[in-house]
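Residue numbers (numbering that gives the first Met the number 0): 0 to 139. Ideal Cβ positions, reconstructed from N, Cα and C, are used throughout, including at glycine.
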Amino acid sequence: MSIVYLALGSNLGNRLQYIQKAIQELKACGLTILKVSSVIETDPVGPFAGDKYLNAVLKARTVYSPEDLLVMTQAIERQLGRIKKVVHGPRVIDIDILLYDDVKLITPKLLIPHPKMLERSFVMGPLKEINPALCALLEP
0 MSIVYLALGS NLGNRLQYIQ KAIQELKACG LTILKVSSVI ETDPVGPFAG
50 DKYLNAVLKA RTVYSPEDLL VMTQAIERQL GRIKKVVHGP RVIDIDILLY
100 DDVKLITPKL LIPHPKMLER SFVMGPLKEI NPALCALLEP
């Protein structure tokens, strides 16, 4: 089994409910949730101004490969109603793979570690809450 860290975010509808439902669906798909950070509220990042986000990070154990995990998380996003109209646009739920064991992976669809995680306080803050030692290793 592998250890994975996932970032969850929502800025449409009942944001907290979408994050909670995503966690339930991840469990239903076989992930063993080990830790979940506090949920924080943050301003949107990127070219699209909009409602504030709720964000959280979780640590889980999985038997899925990175590629299969991506397929599964994207299926959960669609199941919960996410429609990708524009990159970095508003969304009911976003599930990003941050880290997967010590894997470094570059494919057209998936980059691990997540390439922008160190720049995003809405990721690093919750990640530091659940694993400060890991953050100390990641930060330059």
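Proximity of the stretch 44-63 to the stretch 3-14 meets the contact definition, three or more beta-carbon pairs being nearer than 8 angstroms. In this structure, the straight-line span from the alpha carbon of residue 66 to that of residue 21 is close to 18 angstroms.
Cβ-Cβ distances below 7 angstroms link residue 100 to 1 and 2 in the same chain, with the five nearest sequence neighbours on each side left out; the list follows chain order.
Scanning its chain for C-beta atoms nearer than 6 angstroms, with the 5 sequence neighbours on each side dropped, one finds around residue 28 the residues 71, in chain order. For residue 117, there is no enclosing beta strand (DSSP E), as DSSP marks it with neither H nor E.
DSSP places residue 106 outside any alpha helix (DSSP H), giving it a letter other than H or E. Per DSSP, residue 60 lies in no alpha helix (DSSP H); the unbroken beta strand (DSSP E) holding it starts and ends at 52-61.
Per DSSP, residue 21 has no beta bridge partner at all. Taken atom to atom, the span from the alpha-carbon of residue 76 to that of residue 96 is near 13 angstroms.
About 7 angstroms separates the beta carbon of residue 44 from that of residue 119, a gap short enough to meet the 8 angstroms contact definition.
A straight line joining the alpha-carbon of residue 24 with that of residue 61 spans about 13 angstroms.
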